[in-house]
Amino acid sequence: MDFADFIEKAFNFEDYALLLPLVGNSLVAGAALGIVGGLIGIFIMMRDMAFAVHGIAELSFAGAAFALLIGVDVVTGSVFGSLIAALILGVLGTRARDRNSITGVLMPFGLGLGILFLSLYEGRSANKFGLLTGQIVAVDDVQLGGMLMLSAVVVLALALIWRPLTFASADPVVANARGVRTAGLSIIFMMVLALAVAVTIQVVGALLVLALLITPAAAAMRVSSNPVLTVILSVLFAELAVVGGILLALAGSLPISPYVTTISFVIYLVCRGIEAVRSPRRHQV
Amino acid sequence: MSPAPIVTFENARLAYGPRVLWEGLDLQVQPGEFLAVLGPNGSGKTSFINTMLGTTALDAGRVFIDGAPVCRGSDSVGLIPQQRPFGDNVPLRARDLVALGIDGTRPGIRLARRAVRAKVDELLELVGAGGYANRAVSDLSGGEQQRLRAAQALAGDPKVLLCDEPLLSLDLHHQQAISEVIHHQAVQRGSAVIFVTHEINPILPYVDRVLYLAEGRFHLGSVDEVMRTEVLSELYGAPVQVLRVNGRIVVVSGDGNRALPPDGHDHAEDAGPASGAQGANGKQA
Numbered sequence: 000m001d002f003a004d005f006i007e008k009a010f011n012f013e014d015y016a017l018l019l020p021l022v023g024n025s026l027v028a029g030a031a032l033g034i035v036g037g038l039i040g041i042f043i044m045m046r047d048m049a050f051a052v053h054g055i056a057e058l059s060f061a062g063a064a065f066a067l068l069i070g071v072d073v074v075t076g077s078v079f080g081s082l083i084a085a086l087i088l089g090v091l092g093t094r095a096r097d098r099n100s101i102t103g104v105l106m107p108f109g110l111g112l113g114i115l116f117l118s119l120y121e122g123r124s125a126n127k128f129g130l131l132t133g134q135i136v137a138v139d140d141v142q143l144g145g146m147l148m149l150s151a152v153v154v155l156a157l158a159l160i161w162r163p164l165t166f167a168s169a170d171p172v173v174a175n176a177r178g179v180r181t182a183g184l185s186i187i188f189m190m191v192l193a194l195a196v197a198v199t200i201q202v203v204g205a206l207l208v209l210a211l212l213i214t215p216a217a218a219a220m221r222v223s224s225n226p227v228l229t230v231i232l233s234v235l236f237a238e239l240a241v242v243g244g245i246l247l248a249l250a251g252s253l254p255i256s257p258y259v260t261t262i263s264f265v266i267y268l269v270c271r272g273i274e275a276v277r278s279p280r281r282h283q284v
Numbered sequence: 000m001s002p003a004p005i006v007t008f009e010n011a012r013l014a015y016g017p018r019v020l021w022e023g024l025d026l027q028v029q030p031g032e033f034l035a036v037l038g039p040n041g042s043g044k045t046s047f048i049n050t051m052l053g054t055t056a057l058d059a060g061r062v063f064i065d066g067a068p069v070c071r072g073s074d075s076v077g078l079i080p081q082q083r084p085f086g087d088n089v090p091l092r093a094r095d096l097v098a099l100g101i102d103g104t105r106p107g108i109r110l111a112r113r114a115v116r117a118k119v120d121e122l123l124e125l126v127g128a129g130g131y132a133n134r135a136v137s138d139l140s141g142g143e144q145q146r147l148r149a150a151q152a153l154a155g156d157p158k159v160l161l162c163d164e165p166l167l168s169l170d171l172h173h174q175q176a177i178s179e180v181i182h183h184q185a186v187q188r189g190s191a192v193i194f195v196t197h198e199i200n201p202i203l204p205y206v207d208r209v210l211y212l213a214e215g216r217f218h219l220g221s222v223d224e225v226m227r228t229e230v231l232s233e234l235y236g237a238p239v240q241v242l243r244v245n246g247r248i249v250v251v252s253g254d255g256n257r258a259l260p261p262d263g264h265d266h267a268e269d270a271g272p273a274s275g276a277q278g279a280n281g282k283q284a
């Protein structure tokens, strides 16, 4: 394949108007996911949990693969996988260092389980690949309902614990002394995170969740320290990546994921560039 | 000593298993009083603070704050912890950190923005941090961050300010400035200060009484009563010399071959001569 072929494959707007209505459900799901990823990413960054998110995603993948194998709803399967992983991490990995090693132990196990279930599965092979690298071209109404509900739960839960969670994440010692139940809050956060991961997997796949759960928040934090502005930017970046990715993917015959991850990454690069221009001092350290 | 004491310990005892940190502690701290708490590592200084925060329970005896039994998260108690650097991933400005001291424990998101903002401005002025109110906490120096901690701790208008090594890892200039801020606030508001430290010299001008913890025992009294060769030798159960050099207090072990550096940067008081672990920390070859 030469470059012209690639461009043809990646960007071909000929039948765009015809295709657009087909992805209506996906766009709605993507928009919801943008809000979820943008919001929860802030806390994942503050709590330094990028690696844990990746670990939860692999167990979520195993759950989804198992659901596929036994013929039940895939979203339900990934929610269960996520919740189990999050519970294990939440109970055992209270300190960051423990959490990292436990994640490292869990992740390959989850991935291995998932691959086992997939190889036993005899259905359409596109489904298999989709769990790892994402495919939401066809989100049916039932799935959409489930994803929207999960997203709503995540956003509501975050809004409810926003302030104490910020306190506990930024400044655990003082928060604890002032009466914030940091341990309980941390378990609640893990549960909320599990749901967010389960939704994200449906869109970008288990291997690429970080593109929506970390990158937008990380980018926003490069350009602002104002907590309100950071949240707005983070959600905006996530929306740009996921909705923009779906719209662009429509114009080609490639999966959605590379579009989403590339947009997300470019936004991050631009934000780093802006930061470097604004305060070069910070990079000399 | 007529006004009602702010902090009262009655026959208090704290032990971890067979190891007694201190017992038989009776102590009353009056409004406006500045109590320094000294002692080697592991002598229970931080645990002493924690019993007043309600995060550690006494084994025996009782502790009251402002006439009431200790309850976790009380507004009567403010905490200034050790300086710990904030990472790049904390999207908070100086004013946001202080705001968490005002309403960070409450659920939900902040709605009373204007009222909180006014209070934050007032607190920042109080500790001389108005000049960097809108800078990211991660960009501030350790000394600047400790001023914010002081502002944060004062947010609830506490009756007692608990300081847990707030000067650690600050340079001499900032040590003096932060001590001044803390003392000034205490005097002006009539609140008590309990100041845990390795190093008494930066706070020497302000200290009313000293509580010296070591080897499961303690000694309570004025600086001149406690910081004496006989008293500390008895406390450690080994010869210790207390020297006064240019208005500073230096504690050295008495056998002469382990002279400690004259100023607190190596934490002279920390190296208790009777401490078995001392040889292992390898400071004095």
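Taken in sequence, the protein lines are chains A and B. Here the first sequence stands for residues 0 to 284, numbered as in numbering that gives the first Met the number 0. Here the second sequence stands for residues 0 to 284, numbered as in numbering that gives the first Met the number 0. Quick reminder that beta carbons are idealized off the backbone N, C-alpha and C, glycines included.
Counting only the Cα atoms, residue 10 of chain A lies some 14 Å from residue 16 of chain A.
Among the residues facing chain A, residue 117 of chain B is not included, as its CB has no counterpart in that chain under 8 Å away. With 16 or more other Cβ atoms inside 10 Å of its own Cβ, residue 202 of chain B counts as buried. The Cβ of residue 105 of chain B sits closer than 8 Å to at least one Cβ of chain A. The beta carbons of residue 220 of chain A and residue 84 of chain B sit no closer together than 8 Å. Here the alpha carbon of residue 28 of chain A sits roughly 17 Å from the alpha carbon of residue 263 of chain A. At a cut-off of 8 Å between C-beta atoms, residue 153 of chain A does not count as an interface residue with respect to chain B.
Proximity of residue 145 of chain B to chain A, defined by a Cβ-Cβ separation below 8 Å, is not satisfied. Here residue 158 of chain B has 5, 65, 75 and 190 as same chain residues with Cβ atoms under 6 Å from its own Cβ, once five neighbours each way along the sequence are excluded. Three or more Cβ pairs closer than 8 Å define a contact, and the region 57 to 64 of chain B falls short of that threshold against the region 104 to 118 of chain B. Against residue 72 of chain B, the close residues of chain A are 177 and 178, in the order they occur along the chain (beta-carbon pairs closer than 7 Å). Taken in chain order, the members of the region 136 to 169 of chain B whose beta-carbon sits within less than 9 Å of a beta-carbon on chain A are 136, 137, 138, 148, 151, 152, 155, 161 and 163.
Ranked by Cα distance from residue 40 of chain B, the options B:182, B:225, B:117 and B:163 are led by B:163. Interface residue (Cβ-Cβ distance to chain B less than 8 Å): residue 100 of chain A is not classified as such.
Below 8 Å, too few C-beta pairs join the region 227 to 243 of chain A and the region 163 to 171 of chain A to call them touching: fewer than three. For residue 7 of chain A, the uninterrupted alpha helix (DSSP H) segment begins and ends at 2 to 9. Note on geometry: alpha-carbon atoms of residue 94 of chain A and residue 188 of chain A lie some 15 Å from one another.
With a threshold of 8 Å between beta carbons, residue 163 of chain A makes contact with chain B. Taking C-beta separations shorter than 7 Å and ignoring five residues to either side along the sequence, the partners of residue 129 of chain B in its chain run 123, following chain order.
Across the set A:31, A:138 and A:71, the C-alpha of A:138 shows the shortest separation from the C-alpha of residue 25 of chain A. For residue 190 of chain A, none of the residues of chain B pass the 7 Å Cβ criterion, the least Cβ distance being about 16 Å.
Beta-carbon to beta-carbon, residue 79 of chain B and residue 148 of chain B are separated by about 5 Å, close enough to satisfy the 8 Å threshold. Comparing alpha-carbon positions, the option among B:127, B:155, B:88 and B:72 lying closest to residue 115 of chain B turns out to be B:155. Taking each of A:89, A:117 and A:42 in turn and checking the Cα distance to residue 70 of chain A, the smallest one comes out for A:117. In the three-state reduction of the DSSP assignment, residue 258 of chain A falls in the helix class, which pools H, G and I.
Chain-order list of chain B residues neighbouring residue 47 of chain A: 86 and 88, by C-beta distance under 8 Å. For the set B:98, B:136, B:239 and B:27, the Cα lying nearest the Cα of residue 192 of chain B is the one of B:27.
Taken in chain order, the members of the region 43 to 63 of chain B whose beta-carbon sits within less than 7 Å of a beta-carbon on chain A are 52 and 54. For residue 219 of chain B, the enclosing beta strand (DSSP E) stretches over residues 216 to 220. Residue 122 of chain A is not a Cβ neighbour of residue 186 of chain A, given a cutoff of 8 Å. By the C-beta criterion, the region 207 to 223 of chain A is judged to be in contact with the region 46 to 56 of chain A, since at least 3 inter-stretch pairs fall below 8 Å.
Under DSSP, residue 244 of chain B forms a beta bridge with B:247.
Between residue 193 of chain B and chain A, the shortest Cβ-Cβ separation is not below 8 Å. By the criterion of a C-beta distance shorter than 6 Å, residue 106 of chain A is surrounded in its chain by 54 and 57, once the five residues flanking it on both sides are discounted. Counting along the chain, residue 74 of chain B sits inside no beta strand (DSSP E), nor does DSSP assign it H or E at all.
Chain B has no Cβ within less than 8 Å of the Cβ of residue 88 of chain A.
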